[in-house]
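Numbering (this note's numbering), first residue to last: 1316 to 2515.
This report refers to the structure that appears directly beneath it.
Right under this line is the structure:
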């Protein structure tokens, strides 16, 4: 609640009046005891007017609220006998402010000093002031009075004060220092203060409007008000600056409206003169006198506006507070639009141009929105030519603004500029703006589509058509629009998907995109019916035909499914279909279905040999509205089914088959009214293909061997493809498809000889049969015999896939791997949803170790085998279009992208086996090894797998990380010692292993308490890996794996302070038993690792223990010093923390360890230990010299 300052009883003097305006607090008003002392002055002659104002306010309060003392919306109750201030009246959310202003004007007419003090009190209260205000009459004899006008802090009393001139008073506002950053009405968002801003602005506007004929020009009211707002808007307190700046600019806007009334009166005078041109009338004379009076006062009004602009706007439009700058820009554009004779010139427009560079998005948005209103007025836009030229580049660059709303409004602004300002933009500017039709922000793309349509498609270039009919003219217009759109799509070279272009043009280009009859007519009749010379240009070329079919398919999909596209969002949220679009979608579907159903069979018959066009045309029935069935649809539907059957009998391409199968399934769905004829046609096709396949297999498979006689392999492949495509959406379990096709896999695994394409389709078909059996067993209760039969089929199929993993052809190997992964995931899902109470036996199957090893070997051989070992060049193929490479380079880049997509799919399938618990977490060690080497290609997949495994089991996931690092380390050692038997490409350098450990440590995040056990286990296993089984003697003075400690130190920064002590004690159990010399080069990794564990104090340098100072004590002596904290170790030598949480135990839910602070110390550069030349191979003997310059900085490089 904002406290209301009131006037304390003080005698009013002629030249030296002092009035104190105090703030009793918000509790008075809440309790109903906040009386208004401002109406109770001791000056008797002024009492009558003051009481009259109080009584008027009481009457208005009763009439507005309905009953005395009633509270609305949680506001404090007001008693009938208590007076209220202007501030309280404005905060009551009254239906009209005018009666309040009229009462104040009456009081001002009786006693202007008292009324002005009320108004001053009002503005100070609106600023949320909870201090004391003292008003002192200005004395003209005080020559040095301006030097006393200042704002300062009294540190002794803890008060701040501001002393300023508001003629004829000198006001002093004092408030406590701690209240400087408090809330004030303009920024409070509670229900009580929700409408305060609008009420406050309305009060200022109504005050000027009601005083325009009486006190505006008295030289007293406006002078005091302007000086008050000017001084308070220059305060250090943001509440004063914000509130009074808003009041000042609204005051200037009200004065602008007053100047407009002068212009309106002048227009009214001209109208009256035209009416009474012959004889003068009293009304005409009255208007003429009023206009003459207002014209005389125009200069005074403009002088007031100039004083406010220079005193407030010029200081506050650069205010540090973004809300204040936004207010200034918003009102400035209003002044330009309303009173353009004074404000719409380059002297004022420059401020908007400058503030379009503001760092606050609200300020930039106000500038752009205000400019839209100016450019939308054709008369005003003519006065802004110089501004357009000067700030055109900035307006175009704002299309890339980081705020979506600013960029959207900038696009709408440029549309207005292009519409009303001729030659404002060049062709290159338009080309740049057109590219935003491919923006991920759909409103932005729609706005760019509007610009594109208005400039290219609304009035395209048409040939001369003197002898054309109306139908031919319309066809020529449609073709011209299609050509213009195709030219833009080809010229932009940014996006090859027409669906995004259609989505951007959907709202404005409905005349073209929803005209399915015209688009279908271009496909059906590419050559015009007339043979005149002028009609030769109307022939649709082959390239244009392909673009028309893409445009037709995209528009049909847009009408049926709505705007959501992959990657398109609204602001920062995913795209959701608007209610208007949801309502229009059924109408669009109902309109396209009868039109395209009639013409689609003709199109299928015409383009039966073109695979691409046939694929697009066969997708159209998927978007038909099939919930109603009419008699007139029967003939067209039958023709469509016949043409689709003919297409399936001719083509065996995968794209054509999939499009046709999806259309059949859509037309024959459960809710479709066309279900019966479509289902009958599908059953007939499947029966025919199944019978044909059985006959072909009976001839081709003799004695379990496959023989290809008379080209039967092609026929088998064709039938198998068709059945597999339809089997993906239909259950064919009762047709014996598994038994027929499984014979092909048996023949291939025993004797071979099958074409690889046939093997791939056989693997797919058999796998789909088993998946449908899984689906059926989950819906109905299965018998024991059925479960045993299914388990037998599953084991046999997995065994055949296992055999195919070593097939000579890569497509067969890849399909076998994907089928295995899908089958194991589906079986795992069946185990998860199985309920013992269902009565069905449990189908158990687990991959054996040989199969698991074959899966991981397949991944290493087929995924991590790119010729580029750095992982950077695989993504470069997509930029060939931009960099201007040749067509061969483009094709090579596309091939690399396709290969990368295939490899990512294989890796994701294998990682799914781990994250679903089918394979053990330790099987991911070989995947984690490649995290750094193939980071650009597979880093996101590997990191997500790491996070999922950590959610499954923190300890096992951490143990897998250690296994990964140790295997890499041992392989590097074996390679350097000449006893490596693995692949040379699997060996990584020591620095890369160390960097991999650093990346692994960053994945543990900032909350160290969640990973306490995992990190302690990592250090324990690492110490065991280095020291366990080591016996020191002269031939072997150090452990073989001593340099592994430097890798292990990358995880030290993630340990809590007490855990560092515990790990150090565990290290001492091994290292303390041996003779360690920190001066020897071979022990440097141990010294470094100790230093990383002993950095427990804030500001302690964790590498200071390995400095070059010869006089420093040894590490062992430092660790055993009585003044240093000694780590504890139990008698058995097991690792235990010094806190109640042991390393090998788990935190109970809700339990927190005693120490959870995160260390944040900065490491110093480590001095060089060895300066000898290093070879290209990073050896372990030189690893101690390869210590990091910065010890595990807490920076997640994955996000950079």
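Built from N, CA and C at the ideal position, the CB exists for glycine as well.
Since this is a predicted model, take the numbers as computed values, not measurements.
Item: At which residues does the alpha helix (DSSP H) containing residue 2323 begin and terminate?; Value: Counting along the chain, residue 2323 falls outside any alpha helix (DSSP H), and DSSP gives it neither H nor E.
Item: State the Cα-Cα distance for the pair residue 2311 and residue 2244, rounded to the nearest angstrom.; Value: 8 Å
Item: Going along the chain, which residues of its own chain have a beta-carbon closer than 7 Å to the beta-carbon of residue 2247, five neighbours each way excluded?; Value: 2307, 2310, 2311, 2314
Item: Count the other CB atoms, across all protein chains shown, that sit within 10 Å of the CB of residue 2165; report buried if there are 16 or more and exposed otherwise.; Value: exposed
Item: Between the segment 1972-1980 and the segment 1927-1938, are three or more C-beta pairs nearer than 8 Å?; Value: yes
Item: Please identify the residue among 1656, 2017, 1535, 1400 whose C-alpha is closest to the C-alpha of residue 1484.; Value: 1535
Item: Near residue 2263, which residues of its chain fall below 7 Å by C-beta distance, leaving aside the five closest residues on each side in sequence?; Value: 2230
Item: Excluding the 5 residues preceding and the 5 following residue 1368 in the sequence, name in chain order all residues of the same chain whose CB lies nearer than 6 Å to its CB.; Value: Because residue 1368 carries a pLDDT of 41, less than 50, the predicted location of this residue cannot be relied on, and no value is offered for it.
Item: Would you call the segment 1702-1711 and the segment 1728-1748 touching, i.e. three or more CB-CB distances under 8 Å?; Value: yes
Item: Which complete alpha helix (DSSP H) runs does the segment 1649-1679 hold, if anything under 4 residues is left out?; Value: 1655-1658, 1661-1670
Item: Cα-Cα, which of 1654, 1503, 2075 is closest to residue 1969?; Value: 2075
Item: Report yes or no: do three or more beta-carbon pairs, one from the segment 2023-2040 and one from the segment 1983-1995, lie closer than 8 Å?; Value: no
Item: Does DSSP put residue 1539 in a helix, a strand or coil?; Value: helix
Item: Using beta-carbon positions only, say whether residue 1639 and residue 1557 come within less than 7 Å of one another.; Value: yes
Item: Does DSSP put residue 2227 in a helix, a strand or coil?; Value: helix
Item: In the DSSP assignment, find the unbroken alpha helix (DSSP H) run with residue 2253 in it and report its ends.; Value: 2250-2267
Item: Which one of 1797, 1908, 2159, 2176 has the shortest CA to CA distance from residue 2129?; Value: 2176
Item: Exposed or buried, which one is residue 2146 when buried takes at least 16 other CB atoms within 10 Å?; Value: exposed
Item: On the three-pair Cβ rule with 8 Å, is the segment 2223-2239 touching the segment 2261-2280?; Value: yes
Item: For residue 1756, which of helix, strand or coil comes out of DSSP?; Value: strand
Item: Taking DSSP's pairing of strands, which residues face residue 2020 in a bridge?; Value: 2017
Item: Suppose contacts are defined by Cβ-Cβ distances below 7 Å. Is residue 1676 in contact with residue 1718 by that definition?; Value: yes
Item: Taking the alpha helix (DSSP H) that residue 2172 belongs to, which residues open and close that run?; Value: 2164-2177
Item: Residue 1448 and residue 1486 look like a contact to me (Cβ under 8 Å); what is the Cβ gap, rounded to whole Å?; Value: 6 Å
Item: So is residue 1996 buried or exposed if we call it buried at 16+ other beta carbons inside 10 Å?; Value: buried
Item: Kindly indicate which three-state DSSP category residue 2235 falls into: helix, strand or coil?; Value: coil
Item: Kindly provide the ranges of any beta strand (DSSP E) runs that are 3 or more residues long and lie completely inside the segment 1787-1844, ordered along the chain.; Value: none
Item: So, using beta-carbon positions, are residue 1885 and residue 1679 closer together than 7 Å?; Value: no
Item: Answer yes or no: do residue 1643 and residue 1628 have a C-beta to C-beta separation smaller than 7 Å?; Value: yes
Item: For residue 2051, count neighbouring C-beta atoms within 10 Å of its own C-beta (all shown protein chains included) and say buried if the count is 16 or more, exposed if not.; Value: exposed
Item: Is it the case that the Cβ atoms of residue 2396 and residue 2316 are separated by a distance below 7 Å?; Value: no
Item: With a cut-off of 8 Å on the beta carbons, I'd call residue 1926 and residue 1819 a contact; round off their distance for me.; Value: About 29 Å separates the two Cβ atoms, so there is no contact after all.
Item: Examine the Cβ distances between the segment 2328-2343 and the segment 2275-2294 and report whether three or more of them are shorter than 8 Å.; Value: yes
Item: Between residue 1489 and residue 1546, what straight-line distance do the alpha-carbon atoms span, to the nearest angstrom?; Value: 15 Å
Item: Where does residue 1450 sit, in a helix, a strand or coil, going by DSSP?; Value: strand
Item: When we look at the beta-carbon of residue 2356 and count the other beta-carbons within 10 Å, is it buried (16 or more) or exposed?; Value: buried
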